[in-house]
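Residue numbers (this note's numbering), protein chains in the order written: chain A, 24 to 282; chain B, 83 to 345. Notes follow once the structure below has been shown.
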Amino acid sequence: MKKLGTWLKENSLALILPVLLLLVWEVAGRTGLIRATFLPKPSAMAEVLVELLASGELLHHLGTSIIRVAEGFIIGATLGVVVGVQMALVKKLRTAVSLIFGLLRPVPVIAWIPLLILWMGIDEGSKITVIAIGSFWTVLVNVVQGIRSVDKKYLEVATILEKDHKTLITKVILPAALPSIFTGVRVGIDVAWRSVVAAELIAASSGIGYMIMYARELSQIDVVLVGVLSIGFTGIIIEQLLKLLEKKLLRWNVNIHES
Amino acid sequence: MSVTAIPSSTLVIDNLNKSFQIDRTTIEILQDINLTIEPGEFISIIGPSGCGKSTLLRLVVGLEKEFSGSIVLGDETIKGPGLNRGMVFQESRLYPWLTVEENVTFGVGEGHSKAETRQLVKEHLELVGLANFSQAYPHQLSGGMQQRASIARALINRPQVLLLDEPFGALDAITRIYMQQEIIRIWEAEKTTILLVTHDIDEAIFLGDKVVVMSQRPATVKATIPIDLPRPRDRNSLDFLKLRKVIYSEFFSETTVPFAYSI
Numbered sequence: 024m025k026k027l028g029t030w031l032k033e034n035s036l037a038l039i040l041p042v043l044l045l046l047v048w049e050v051a052g053r054t055g056l057i058r059a060t061f062l063p064k065p066s067a068m069a070e071v072l073v074e075l076l077a078s079g080e081l082l083h084h085l086g087t088s089i090i091r092v093a094e095g096f097i098i099g100a101t102l103g104v105v106v107g108v109q110m111a112l113v114k115k116l117r118t119a120v121s122l123i124f125g126l127l128r129p130v131p132v133i134a135w136i137p138l139l140i141l142w143m144g145i146d147e148g149s150k151i152t153v154i155a156i157g158s159f160w161t162v163l164v165n166v167v168q169g170i171r172s173v174d175k176k177y178l179e180v181a182t183i184l185e186k187d188h189k190t191l192i193t194k195v196i197l198p199a200a201l202p203s204i205f206t207g208v209r210v211g212i213d214v215a216w217r218s219v220v221a222a223e224l225i226a227a228s229s230g231i232g233y234m235i236m237y238a239r240e241l242s243q244i245d246v247v248l249v250g251v252l253s254i255g256f257t258g259i260i261i262e263q264l265l266k267l268l269e270k271k272l273l274r275w276n277v278n279i280h281e282s
Numbered sequence: 083m084s085v086t087a088i089p090s091s092t093l094v095i096d097n098l099n100k101s102f103q104i105d106r107t108t109i110e111i112l113q114d115i116n117l118t119i120e121p122g123e124f125i126s127i128i129g130p131s132g133c134g135k136s137t138l139l140r141l142v143v144g145l146e147k148e149f150s151g152s153i154v155l156g157d158e159t160i161k162g163p164g165l166n167r168g169m170v171f172q173e174s175r176l177y178p179w180l181t182v183e184e185n186v187t188f189g190v191g192e193g194h195s196k197a198e199t200r201q202l203v204k205e206h207l208e209l210v211g212l213a214n215f216s217q218a219y220p221h222q223l224s225g226g227m228q229q230r231a232s233i234a235r236a237l238i239n240r241p242q243v244l245l246l247d248e249p250f251g252a253l254d255a256i257t258r259i260y261m262q263q264e265i266i267r268i269w270e271a272e273k274t275t276i277l278l279v280t281h282d283i284d285e286a287i288f289l290g291d292k293v294v295v296m297s298q299r300p301a302t303v304k305a306t307i308p309i310d311l312p313r314p315r316d317r318n319s320l321d322f323l324k325l326r327k328v329i330y331s332e333f334f335s336e337t338t339v340p341f342a343y344s345i
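What follows is the structure, encoded as structure tokens:
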């Protein structure tokens with residue numbers, strides 16, 4: 024309880040603005056300033072939210088999307104780390120793939136969706152691949168950059184102590200690059216979460232994106248809004264979980280403690 | 083200081099030349115360096131900043147491999163790094179993701195059992211006075227304590243030669259004096275040969291058996307001045323001050339515009 028108290032004290036400013044906004048919005052809705060068919064008032068949306076939660080519909084769709092993100096992200100991030108480590112350490116590989124990667128990396132994930140649907144249909148396969156592609160690039164770029172910018176001074180210490188290649192990589196290079204790799208993971212999950220919604224909006228038979236599109240066809244603007252906002256809330260939760268994990272993993276990183 | 087004579091670990095630097103290529107121009111760093119350092123000796127090397135004295139240590143430790151001339155430790159010609167040489171830099175270069183204990187453990191060479199390693203680490207943490215801080219992370223330590231940990235890591239394999247590259251340069255004046263006394267204590271306990279690079283003339287005299295004065299780049303050995311003062315040394319004794327005057331005049335003999343210095 025005391026913890027909650029201090030949390031509220033520190034973050035009160037972050038809460039005041041949204042609460043004010045909701046109040047104005049509610050009043051505008053009640054006085055008829057905003058039509059409910061254009062933008063339903065918060066209280067009405069809360070009712071819809073409760074309904075969707077009670078029927079299990081919202082959690083079902085959210086859950087489907089989250090599982091897709093988890094699967095796709097694990098594939099994409101693992102590949103990103105593995106390929107990134109090799110690329111950072113082997114200059115020849117870096118040169119060999121530079122043109123191909125330079126060409127493919129700037130392609131927005133969404134641009135792959137039509138192709139993937141043609142190849143794999145609108146089922147899980149295409150969604151997971153989209154997510155994997157999106158998170159792959161983000162993780163890759165950060166891994167390569169993190170490893171290549173490891174302080175030469177740390178490497179010299181290992182050289183003087185006659186450490187072999189394996190020790191150098193596992194005990195020095197990877198830990199030193201970990202903050203950067205973690206940034207890649209954080210941004211990667213963000214990208215993954217965006218990609219899944221995009222993929223589901225285009226073609227799907229389940230998932231939060233599908234729920235939103237389906238509600239749009241029925242002109243249920245309140246369901247659309249609840250869907251959109253629930254994407255945001257899930258994003259906040261993921262972000263917080265990652266921050267906790269980062270604090271645990273990177274206890275030594277002074278820069279994190281201060282923020 | 084009585085030296086336990088192990089002739090096999092005499093460090094002989096013979097006719098050493100080193101240059102760097104920068105934008106196709108060759109810059110001479112070290113020129114005809116000749117030094118013979120007896121086992122267990124404490125040598126201070128001073129010289130103007132940027133003269134190449136750090137490069138000399140990097141050559142001895144094996145970080146720079148291209149040079150002409152030879153560096154021989156005992157009967158081994160030095161061609162690269164080896165556990166018979168340890169090095170401490172101006173920055174502690176501890177790994178921030180490891181605790182003090184883990185950092186020192188990282189230094190241990192292969193071929194030790196777990197129990198031996200633990201014992202070695204414990205002894206060396208005690209040697210540098212960090213036994214109570216083994217579980218701390220480097221960022222939780224003061225600059226002086228970080229350097230202690232770094233010294234422990236460099237000494238863990240009982241190297242014949244310990245190279246110190248301005249190890250106290252980043253510390254405040256009080257801590258520096260304290261660390262100078264500590265390094266003498268450690269040296270007397272370990273009987274390691276020490277090469278110390280510094281730009282602090284007082285530090286050079288206080289610590290060294292000999293002070294090697296180097297010239298501007300390309301660095302040559304301008305003078306080797308034996309310091310025959312009894313230990314523990316008194317920085318304010320007359321003999322100390324006389325030596326300081328000698329080294330000052332060696333140090334600044336190149337300066338065309340003599341500026342005022344007083345002792």
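The beta-carbon is built from N, C-alpha and C at its ideal position, and this holds for glycine as well. Just so we're clear, the structure is a prediction, and the values are computed from it rather than from any experiment.
The criterion of a C-beta distance shorter than 8 Å is not satisfied by B/Leu176 and B/Leu138.
DSSP places B/Asp96 in the uninterrupted beta strand (DSSP E) bounded by Leu93 to Ile104.
A/Tyr177 reaches chain B at Arg175 and Tyr177, counting residues in chain order whose Cβ is nearer than 7 Å.
For B/Gly144, there is no enclosing beta strand (DSSP E), since its DSSP letter is neither H nor E. If you draw a straight line from the Cα of B/Ser152 to the Cα of A/Leu267, it is about 54 Å long. When only Cα atoms are considered, B/Arg299 and A/Leu178 end up about 27 Å apart. A/Arg128 carries a coil assignment under DSSP once its states are collapsed to helix, strand and coil. At least one C-beta of chain B is nearer than 8 Å to the C-beta of A/Pro198.
Within chain B, the residues Arg175 have their CB atoms less than 7 Å from the CB of A/Val180, given in chain order. Think of a sphere of 7 Å around the beta carbon of B/Gly134: no beta carbon from chain A falls inside it, the nearest being about 17 Å out. Counting only the Cα atoms, A/Gly255 lies some 18 Å from A/Lys64.
Not flagged as an interface residue toward chain B: A/Glu147, since no C-beta distance is shorter than 8 Å.
For B/Lys161, the secondary structure class from DSSP, reduced to helix, strand or coil, is coil. Per the coordinates, the alpha-carbon of A/Ala93 lies some 20 Å from the alpha-carbon of A/Asn165. Within the segment 158-169 of chain B, contact with chain A at the beta-carbon level (separation under 9 Å) is assigned to Gly162, Pro163, Gly164, Leu165, Arg167, Gly168 and Met169. Closest by C-alpha distance to B/Pro312, out of B/Met296, B/Ile266 and B/Asp282, is B/Ile266.
Counting only the Cα atoms, A/Leu248 lies some 18 Å from A/Val50.
Residue-level contact by beta carbon fails for A/Val173 and chain B, as no gap is shorter than 8 Å.
For B/Phe333, the enclosing alpha helix (DSSP H) has its first and last residue at Leu320 to Phe333. DSSP links B/Glu110 through a beta bridge to B/Ser101.
Annotation for A/Leu163: Gly103, Val106 and Gly107 place their beta carbon closer than 7 Å to its own, counting only its chain and skipping 5 residues before and after. A/Ser172 and B/Ser174 have their C-alpha atoms some 19 Å from each other.
Annotation: the continuous beta strand (DSSP E) that includes B/Pro308 extends over Val303 to Pro308. DSSP places B/Ile233 in the helix class (H, G or I) of the three-state scheme. Beta-bridge pairing by DSSP links A/Arg91 to no other residue. A/Ala238 is the residue among A/Ala238, A/Ile97, A/Ile196 and A/Met68 whose C-alpha sits nearest the C-alpha of A/Leu224. Put simply, of B/Ile115, B/Ser91 and B/Leu155 the residue whose alpha carbon is nearest the alpha carbon of B/Asn97 is B/Ile115. As summarised for the segment 273-305 of chain B, the continuous beta strand (DSSP E) elements at least 3 residues long and confined to that stretch are 275-280 and 292-296, given in chain order. In the structure shown, the three-state DSSP call for A/Ser228 is coil. Remark: C-beta atoms of B/Ile287 and B/Ile329 approach each other more closely than 8 Å. For the pair A/Ile154 and A/Ser218, the CB atoms are nearer than the 8 Å cut-off.
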